[in-house]
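Visitor:
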Amino acid sequence: MRVLLVEDDALLGQAVQLGLSDREFSVHWVRTGGAAVSELNHNEYDAMVLDLGLPDLDGSRVLSSSRKRGVTIPILILTARDQVHDKIAHLDAGADDYLTKPFDMNELAARLRALCRRQLGQASADIKVGPIMLNTNTRDVRVADAPLSLSRREFELLKTLMSAPERVLSRDRLETAVFQGETEIESNALEVHVSNLRRKLGHKEWIETIRGIGYRLKCNS
Amino acid sequence: MQFITSLRTKFRSIRRRILVFVSAVYLMSSGLSALWIYYEVSHEVDELFDAEMVQQAKTLAAFLPEQLSEQHIDAELEIVGDASNHEYEDKLSYRITNTTSSWTLSTQGAPTKASAPFQIGFSEFNLNGRLWHAFGMMSGNYQVLLLQEDSFRSELRSDLTIDTLVPVLLLLPLMLWLGWWTINQSFVSFQRLATSLRKRRPDDYSAFEPANDDEEVAVVKQGLNYYLARIEQTFHRERRFSADAAHELRTPLASLKASLQNLISSKKTIEKPQLEALLTSTDRLIQLVESLLLLSKTELPPAAVEHVNIAKEVRQIVADFYSRAEQRDLNFEVSLPEAVGVSGSSDYWRVLLANIIDNAIKYAPSGATIEIESQQNNLQVKNPIVDDHGVDLERLSERFYRGKHLDVQGAGLGLSIVQNLARQLGISVEFSQQQQYFICRIHWGDNS
């Protein structure tokens, strides 16, 4: 996977280039906005990692001008600015992801892989957690290869739980995902769907209740 | 002395000063105009009555016979009529004397020849302390002398003057009241300005609208707007400084961390434990920098005020921290209603609650249960503590204060951040210790 790295800081640029190369990326590193623009014109890349504070041309200018010229590759913004409005502005200007410094090398690599997957159209099609397999396009759910028929809400609930396995999801977050903005929700509606889903999955212990907080998907088998 | 001090205090009011000054000017100009009227009236009265005396003398002269009749020649003095018909009558009189005989015709009470000798033309004389005006003319053999006492004229003079002053004085209270009312009305816009200033949110730097203001209020508003604009600039500079500092610190830390991770994952590296320690230190350094930046951000008022459901925020925070708490074998006992509504910046509330819960997770002994509950307008986070907790409650929100727990990761900034946020949100946060429990109680106003 060819990645264009735009970073003016010598040490960080070197470290990221090295780190990404170790993780099976082929990295071309440039240190100015001008160089980034000309690289994009002349060579093919699968993704770009863009720093915002560049000496010549600001990263946000590189971003907007690339998008205007029809550059469609995923762009991940890597910056020390952590203001929410900065993030929103750049995501709206065409950035695909936003990571603030200092960051974890593994996370950067994982995000780049996810971005490229999404770019290739495989995005969020098949999700697999333990024996559960869920396809977001066909809405097909299988447990150990046996098909499972779920209602629309049970499907949304399972999909959300599978998006973050082993992690506790608050009931508020699950309600938002399952009821999608409906206002008149019975106070125990979520519990009802959870208990139905548990019954259909056939393994009660897979969906753990965290009392007062929410639920967690646990099915490492 | 005390009177002067109190007078000086009273005169610090512009409104009072204007009123007193205007009234003084009003009274002074009224006095001056009364003086002017007095002299003008005196002059006119004198002219009028002098002309009247001349006229009267001529009329009398016209009726005098050329020759005196027999009966008159012998008569020494004839008194005309009785002077009790009108109170002014004795102040006006005449005396006609025939020069060829001793015949004299005179009104009752008229001054005698000895006290008021005949003189042609206008003259004045004093009689028994009273001033008299006289006009004498010759008509054939007759001396006609018209006499008027001055008191009659002076009464007219002062009456006319007083009559012009009375309305002025009568109108004074009305004028004072009107003046006070007008001045107060004009000062209302200042009061409005003061009220709107008092009610402003501390982060509201928007300029005052120049809506139909009086010239004076407009000047004050302009000054305020100029000041507000400068404050806003300073505020933005400070924010930019935080952002710049963040960038400057974060980039080298990022390269340090990335390089260490590269080394650790490299197959050639053999001193992995040392590198892991270095990475841990780097992470702590990063945390410290992040906390400092957060602390500096929380010194500033929030950008927006909105409705926040803190029950939802607490559930989200506990969900995010859950695996960390599980590693320390901690349990949660959360009893919160579906929604607990407060107002404020949701970002500030989230950071505040996250810091309090993070603190509980750090300092609860393993195996303990952290209790979170909310009643009416407070929320409480309660966690057990070890026996020798050794924390000075008074110093908890001091920066870098960490009690005895130097083994727990953290810089001692969490509760300082909490205090700052509480101040910005206008709520109170109390820390207390009861038996083997550490309790943090957040209390917000009813109108939140």
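Top line first, the protein sequences correspond to chains E and F.
In this text, residue positions in the first sequence follow my numbering: the first is 1, and each later residue adds one.
In this text, residue positions in the second sequence follow my numbering: the first is 1001, and each later residue adds one.
Note that beta-carbon positions come from the ideal geometry of N, C-alpha and C, so glycine has one too.
1. Beta-carbon of residue 1435 of chain F versus every beta-carbon of chain E: anything under 8 Å?
2. Suppose contacts are defined by Cβ-Cβ distances below 8 Å. Is residue 97 of chain E in contact with residue 115 of chain E by that definition?
3. Residue 1090 of chain F and residue 1109 of chain F - do their beta-carbons sit closer together than 8 Å?
4. Would you report the Cα separation of residue 29 of chain E and residue 128 of chain E, rounded to the nearest angstrom?
5. What separation, rounded to the nearest whole angstrom, lies between the Cα atoms of residue 1426 of chain F and residue 1286 of chain F?
6. Whose CA, out of F:1114, F:1026, F:1283 and F:1204, lies closest to the CA of residue 1169 of chain F?
7. Using only CA atoms, which one of F:1133, F:1155 and F:1101 lies nearest to residue 1051 of chain F?
8. Going along the chain, which residues of its own chain have a beta-carbon closer than 7 Å to the beta-carbon of residue 1224 of chain F, five neighbours each way excluded?
9. Short check: CB of residue 7 of chain E to CB of residue 51 of chain E, under 8 Å?
10. Is the separation between the beta-carbon of residue 1262 of chain F and that of residue 22 of chain E shorter than 8 Å?
11. Quick one, are the C-beta atoms of residue 1258 of chain F and residue 19 of chain E less than 8 Å apart?
12. Along the alpha helix (DSSP H) that carries residue 1173 of chain F, what are the first and last residues, could you check?
13. Please list the segments of the beta strand (DSSP E) lying wholly inside the segment 42-96 of chain E, counting only runs of 3 or more residues, in order along the chain.
14. Could you tell me if residue 1161 of chain F is buried or exposed, where buried requires 16 or more neighbouring beta carbons within 10 angstroms of its beta carbon?
15. Quick one: which chain E residues come within Cβ less than 7 Å of residue 1338 of chain F?
16. Could you tell me whether any Cβ in chain F is nearer than 8 Å to the Cβ of residue 103 of chain E?
17. Looking at the C-beta of residue 207 of chain E, does it have a partner C-beta in chain C at a distance below 8 Å?
18. Between the segment 5-30 of chain E and chain F, which residues of the former have CB atoms less than 7 Å from a CB of the latter, in chain order?
19. Under 8 Å: do the segment 1298-1305 of chain F and the segment 1343-1356 of chain F share three or more Cβ pairs, one atom per stretch?
20. Please list the terminal residues of the continuous beta strand (DSSP E) segment that includes residue 1134 of chain F.
21. Could you have a look at residue 150 of chain E and say whether DSSP puts it in helix, strand or coil?
22. For residue 60 of chain E, would you say it is in contact with chain F, using Cβ-to-Cβ distances shorter than 8 Å as the test?
23. With C-beta atoms as the reference, is residue 1334 of chain F less than 8 Å away from residue 185 of chain E?
24. Comparing C-alpha positions only, which one of E:42, E:27, E:65 and E:155 sits nearest to residue 198 of chain E?
25. Distance cutoff 8 Å, beta carbons only. Does residue 170 of chain E sit that close to anything in chain F?
26. Terminal residues of the continuous beta strand (DSSP E) containing residue 1052 of chain F?
27. Out of curiosity, what's the CA-to-CA distance linking residue 1360 of chain F and residue 1288 of chain F?
28. When the Cα atoms are used, what is the spatial distance from residue 1294 of chain F to residue 1417 of chain F?
29. Could you give the first and the last residue of the continuous beta strand (DSSP E) run that contains residue 27 of chain E?
30. Label residue 1226 of chain F either buried or exposed according to how many other C-beta atoms from any shown protein chain fall within 10 Å of its C-beta, with 16 as the threshold for buried.
31. Using a Cβ-Cβ cutoff of less than 6 Å, which residues in the same chain neighbour residue 87 of chain E once the five nearest sequence positions on both sides are dropped?
32. Alpha carbon to alpha carbon, how far is residue 1126 of chain F from residue 954 of chain F? Give it in angstroms, no decimals.
33. Using the Cβ count rule (16 or more neighbours within 10 Å means buried), how would you classify residue 77 of chain E?
34. In chain E, what lies closer than 8 Å to residue 1312 of chain F by C-beta?
35. Nearest-angstrom Cα distance between residue 1029 of chain F and residue 1035 of chain F?
36. Can you list, in chain order, the residues of its chain with a C-beta nearer than 6 Å to that of residue 1253 of chain F? Leave out the 5 residues immediately preceding and following it.
Guide: Taking the coordinates as given:
1. no
2. yes
3. yes
4. 35 Å
5. 30 Å
6. Of the residues F:1114, F:1026, F:1283 and F:1204, the one whose Cα lies closest to the Cα of residue 1169 of chain F is F:1026.
7. F:1133
8. 1208
9. yes
10. In this structure, residue 22 of chain E lies closer than 8 Å to residue 1262 of chain F by Cβ.
11. Going by C-beta atoms, residue 1258 of chain F is nearer than 8 Å to residue 19 of chain E.
12. 1150-1198
13. 47-51 and 75-79
14. buried
15. 187
16. yes
17. Reference to chain C is not applicable here, since the protein chains of this structure are E and F.
18. Residues of the segment 5-30 of chain E that bring their beta carbon within less than 7 Å of a beta carbon in chain F comprise 9, 11, 12, 15, 16, 18, 19 and 22, in sequence order.
19. yes
20. 1130-1139
21. coil
22. no
23. no
24. With distances taken between Cα atoms, residue 198 of chain E lies closest to E:155.
25. yes
26. Per DSSP, residue 1052 of chain F belongs to no beta strand (DSSP E); it is in the alpha helix (DSSP H), 1014-1063.
27. 19 Å
28. 7 Å
29. 26-30
30. exposed
31. 98
32. Nothing about residue 954 of chain F can be reported from this structure: the residues present for chain F run from 1001 to 1448 only.
33. buried
34. Ordered by position in chain E, the residues that pass the 8 Å Cβ test against residue 1312 of chain F are 170 and 172.
35. 10 Å
36. Closer than 6 Å at the Cβ level, and outside the excluded window around residue 1253 of chain F, lie 1286.
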